[in-house]
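Peer 1: Supplied in structure tokens, the structure appears directly below.
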Amino acid sequence: MTETSEPLVSAPVSPGRAKFLRFLIRDAGVLLALVLITLFFSATAPYFATPDNALKIFVQIAINTVLAAGMTFVILTGGIDLSVGSVLALCTVVGATVMIDEDLSPAAAITLALLACMATGAVCGFLNGWISTRWKIPSFIVTLGMLNMAAGAARVVSDNSTITGLPQSFVDFGNLIIGGFLPSIFLVAVLVIAAGWFVLRFTVFGRMIFAVGTNDEAVRLSGHNPDFYKVAAFTISGLTAGIAAMVYLLRLNIGSPIAGVGYELNAIAAVIIGGTSLSGGKGSIIGTLVGACILQVLSTGLQLLGVGDNFKPIVIGLVIVLAVILDAYRERLLRKIR
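Mind the numbering: the sequence shown is residues 0 to 337 in numbering that gives the first Met the number 0, read in order.
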């Protein structure tokens, strides 16, 4: 009687090891890329590894980080928002117009300007989401229309001119460096990222944002309305555009109808490089912060290396394409681990 051998079966991956591998592939990989890029420029670019340059990077990254935080919610649901740059421009002129009102005290003017910026952005975002879901129009088309409408409204509100003369206390806060190394406007960006992380990580609303991006029909069958979460995601994107407008005013001290040109593309790039999938349902707002850092470190490092402005977009574009390609391979590896 011959003894039969049992078929060889690969040992399953333990839950702890699988969780660690998922962290390495999904989150740590982006952070490792940032570290390697930083080390490369520190070794090759003059004056890159200096406190002044680090401070400059923190200042320059703030606006895009706030915009990208809201964009993360939209992309997680499977949408896209091309209007955030123009909405930012509209909010800057609205906020600046409120702040230069001589009938208001500086504190009241700044408070009302913040509320006006957030409300204006939220309304624009709500309209994007509502129109897109109500008539089942791709968000790409709807937000492209809002891009043009918000840009035109910014010119109308400002009479096609730059608005200056903001309160001195507001300007002073924008120039404040906390602890000698942390710009106040970067602190605002970090607070927005922290709030977004908490919502996505610890609330039912955050879990539903991921669920809608993964399978909105399953969300519908579970008794929830996926359109509600899609509209909410666009509203959050508009809201953060309003906050980013205040950061813009803090940094440049002017309200401009042409502010934010191209900002929407930088925000989308930060989200994609940070590991959020364009198909929705997968991503991390912390990854978005790292993606924004990668973009700014690349731009600053290339500038210090003497790379011309004509070539910098080529390099950054290649990085974005590479990030999309790596996302496809990352998902394959994650499926194997599961």
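For every residue, glycine included, the Cβ atom is placed at its ideal position computed from N, Cα and C. Just so you know, these numbers come straight off a predicted model, no measurement behind them.
Expressed to the nearest angstrom, what Euclidean distance is found between the alpha-carbon atoms of Val323 and Pro166?
Peer 2: Here residue 323 refers to the residue found at position 324 when the sequence shown is read from its first residue. Here residue 166 refers to the residue found at position 167 when the sequence shown is read from its first residue. Looking at the two C-alpha atoms, the distance is approximately 43 Å.
Peer 1: For Val260, collect the residues of the same chain with a Cβ closer than 7 Å to its Cβ; drop the 5 residues on either side in sequence, then sort them by chain order.
Peer 2: If you number the sequence shown from 1, residue 260 lands on position 261. Excluding positions up to five away in sequence, the list reads Gly84.
Peer 1: Quick check on Ile62: buried or exposed, where buried means 16 or more other Cβ atoms within 10 Å of its Cβ?
Peer 2: Here residue 62 refers to the residue found at position 63 of the sequence shown. Classification for Ile62: buried.
Peer 1: Which stretch, first to last residue, makes up the alpha helix (DSSP H) that contains Tyr228?
Peer 2: In the sequence shown, counting from the first residue as 1, residue 228 sits at position 229. Tyr228 -> alpha helix (DSSP H) spans 225–251.
Peer 1: To the nearest angstrom, report how far apart Pro105 and Asp215 are at their CA atoms.
Peer 2: Here the question's residue 105 lines up with position 106 in the sequence shown. Here the question's residue 215 lines up with position 216 in the sequence shown. Cα to Cα, the separation comes out at about 46 Å.
Peer 1: Ends of the alpha helix (DSSP H) at Ser278?
Peer 2: Taking the first residue of the sequence shown as 1, we reach residue 278 at position 279. No alpha helix (DSSP H) contains Ser278, which DSSP labels as neither H nor E.
Peer 1: Using three-state DSSP, classify Pro182 as helix, strand or coil.
Peer 2: Along the sequence shown, one-based indexing puts residue 182 at 183. Strand.
Peer 1: Can you tell me the Cα-Cα spacing of Asp226 and Ala150, whole angstroms?
Peer 2: In the sequence shown, the residue the question calls residue 226 occupies position 227. In the sequence shown, the residue the question calls residue 150 occupies position 151. Cα to Cα, the separation comes out at about 27 Å.
Peer 1: Quickly, what does DSSP pair Gly254 with across the bridge? List them, please.
Peer 2: Here residue 254 refers to the residue found at position 255 of the sequence shown. Ile162.
Peer 1: Just the C-alpha distance for Ile319 and Ile272, rounded to the nearest angstrom, thanks.
Peer 2: Working through the sequence shown from its first residue, we reach residue 319 at position 320. Working through the sequence shown from its first residue, we reach residue 272 at position 273. Looking at the two C-alpha atoms, the distance is approximately 6 Å.
Peer 1: Tell me whether Thr234 is buried or exposed, calling it buried when 16 or more other Cβ atoms sit within 10 Å of its Cβ.
Peer 2: Residue 234 sits at position 235 when you count from the first residue of the sequence shown. Thr234 is buried by the Cβ-count criterion.
Peer 1: Compare the Cα-Cα distances from Val65 to each of Ser131, Gly290, Leu297, Trp134 and report the closest residue.
Peer 2: For the purposes of this step, residue 65 is taken as residue 66 along the sequence shown, with counting starting at 1. Nearest C-alpha to Val65: Gly290.
Peer 1: Rounding to the nearest angstrom, what Cα-Cα distance links His357 and Pro312 in this structure?
Peer 2: No information on residue 357 is available, as it lies outside the stretch 0 to 337 that the chain covers here.
Peer 1: Please state if the CB of Gly69 and the CB of Ala240 are separated by a distance shorter than 9 Å.
Peer 2: As a first step, residue 240 is located in the sequence shown; it is residue number 241 there, counting from the start. As a first step, residue 69 is located in the sequence shown; it is residue number 70 there, counting from the start. Yes. Within cutoff.
Peer 1: To the nearest angstrom, report how far apart Ala115 and Ile285 are at their CA atoms.
Peer 2: The residue you call residue 115 lines up with position 116 of the sequence shown. The residue you call residue 285 lines up with position 286 of the sequence shown. If you take the alpha carbons of Ala115 and Ile285, they lie about 28 Å apart.
Peer 1: Mind the definition here: the segment 150–165 touches the segment 28–37 only if three or more C-beta pairs lie below 8 Å; say whether that holds.
Peer 2: They do not touch, by the three-pair rule.
Peer 1: Name the DSSP beta bridge partners of Ile56, please?
Peer 2: As a first step, residue 56 is located in the sequence shown; it is residue number 57 there, counting from the start. Note: Ile56 sits in no beta bridge, so no partner.
Peer 1: Roughly how many angstroms lie between the CA atoms of Thr275 and Gly305, to the nearest whole one?
Peer 2: Within the sequence shown, numbered from 1, the residue matching residue 275 stands at position 276. Within the sequence shown, numbered from 1, the residue matching residue 305 stands at position 306. For Thr275 and Gly305, the distance between alpha carbons rounds to 31 Å.
Peer 1: On the CB-based measure, 16 or more other CB atoms within 10 Å of its CB, does Thr119 come out buried or exposed?
Peer 2: To locate residue 119, count along the sequence shown from 1; it is residue 120. Thr119 comes out buried.
Peer 1: So Thr91 and Ser283 are in contact, right, with Cβ under 8 Å, and what is the actual spacing, rounded?
Peer 2: Counting from 1 along the sequence shown, the entry for residue 91 is found at position 92. Counting from 1 along the sequence shown, the entry for residue 283 is found at position 284. Rounded, the Cβ-Cβ distance is 29 Å, inconsistent with contact.
Peer 1: Taking the alpha-carbon positions, what's the Ile208 to Ile74 distance?
Peer 2: For the purposes of this step, residue 208 is identified with residue 209 of the sequence shown, where counting begins at 1. For the purposes of this step, residue 74 is identified with residue 75 of the sequence shown, where counting begins at 1. Going from the Cα of Ile208 to the Cα of Ile74 covers about 10 Å.
Peer 1: Whose C-alpha, out of Ser236, Asn252, Asn52, Val218, is nearest the C-alpha of Ile79?
Peer 2: Locating residue 79 in the sequence shown gives position 80, counting from the first residue. Here the closest residue by C-alpha is Ser236.
Peer 1: Going by the beta-carbon positions, is the gap between Ile242 and Met98 smaller than 9 Å?
Peer 2: In the sequence shown, residue 242 corresponds to position 243, counting from 1. In the sequence shown, residue 98 corresponds to position 99, counting from 1. Their beta carbons are not under 9 Å apart, which means Ile242 does not touch Met98 by this criterion.
Peer 1: Rounded to the nearest angstrom, what separates Val198 and Ala42 at their Cα positions?
Peer 2: Position 199 of the sequence shown, counted from the first residue, corresponds to residue 198. Position 43 of the sequence shown, counted from the first residue, corresponds to residue 42. Whole-angstrom Cα-Cα distance: 38 Å.
Peer 1: Distance check for Ile267 and Ser138, CA to CA, integer angstroms please.
Peer 2: Taking the sequence shown and counting its residues from 1, the one referred to as residue 138 is at position 139. Taking the sequence shown and counting its residues from 1, the one referred to as residue 267 is at position 268. Using only the alpha carbons, I get a separation of about 14 Å.
Peer 1: Just reading off the alpha helix (DSSP H) that Pro105 is part of, what are its end residues?
Peer 2: Taking the sequence shown and counting its residues from 1, one reaches residue 105 at position 106. Here the alpha helix (DSSP H) through Pro105 covers 105–133.
Peer 1: Measuring alpha carbon to alpha carbon, tell me which residue in Asn265, Ile177, Met245 is nearest Gly94.
Peer 2: Translated into the one-based positions of the sequence shown, residue 94 becomes position 95. Comparing Cα-Cα distances from Gly94 to each of Asn265, Ile177, Met245, the minimum goes to Met245.
Peer 1: Beta-carbon within less than 6 Å of Val270's beta-carbon, same chain only, minus the 5 sequence neighbours each way: which residues are those?
Peer 2: Walking along the sequence shown from the start, residue 270 turns up at place 271. Contacts found: Ala67, Met70, Thr71, Ile74, Thr287.
Peer 1: Return the chain-ordered list of same chain residues with a C-beta closer than 8 Å to the C-beta of Cys123, the five sequence neighbours on each side being excluded.
Peer 2: Mapped onto the sequence shown, residue 123 falls at position 124. Answer for Cys123: Ser82, Val86, Leu89, Met145, Ala149, Gly237, Ala240, listed in chain order.
Peer 1: So, for Asn127: in the same chain, excluding its five sequence neighbours on each side, which residues have a beta-carbon less than 8 Å away from its beta-carbon?
Peer 2: What you label residue 127 is simply residue 128 of the sequence shown in a count that begins at 1. Answer for Asn127: Asp80, Ser82, Ser138, Val141, Thr142, Met145, Phe233, Ser236, Gly237, listed in chain order.
Peer 1: Please report the residue range of the alpha helix (DSSP H) in which Val92 lies.
Peer 2: Residue numbering aside, residue 92 sits at position 93 when the sequence shown is read from its first letter. It spans 83–98 - the alpha helix (DSSP H) in which Val92 sits, taken as one unbroken run.
Peer 1: If you reduce the DSSP assignment to three classes, tell me which class Ile79 lands in.
Peer 2: In the sequence shown, residue 79 corresponds to position 80, counting from 1. In this structure, Ile79 counts as coil in the three-state DSSP scheme.
Peer 1: On the CB-based measure, 16 or more other CB atoms within 10 Å of its CB, does Phe40 come out buried or exposed?
Peer 2: Position 41 of the sequence shown, counting from 1, holds the residue named residue 40. Phe40 comes out buried.
Peer 1: Relative to the C-alpha of Ser221, which residue among Ala231, Lys229, Ala210 is closest?
Peer 2: For the purposes of this step, residue 221 is taken as the residue at position 222 of the sequence shown. The option with the nearest alpha carbon to Ser221 is Ala210.
Peer 1: Determine the DSSP secondary structure at Glu2, reduced to helix, strand or coil.
Peer 2: The residue you call residue 2 lines up with position 3 of the sequence shown. At Glu2, the pLDDT of 46 sits below 50, so the modelled position is not reliable and the matter cannot be decided from this model.
Peer 1: If you draw a straight line from the alpha carbon of Pro182 to that of Leu294, how long is it in whole angstroms?
Peer 2: For this step, residue 182 is matched to residue 183 along the sequence shown. For this step, residue 294 is matched to residue 295 along the sequence shown. Using only the alpha carbons, I get a separation of about 19 Å.
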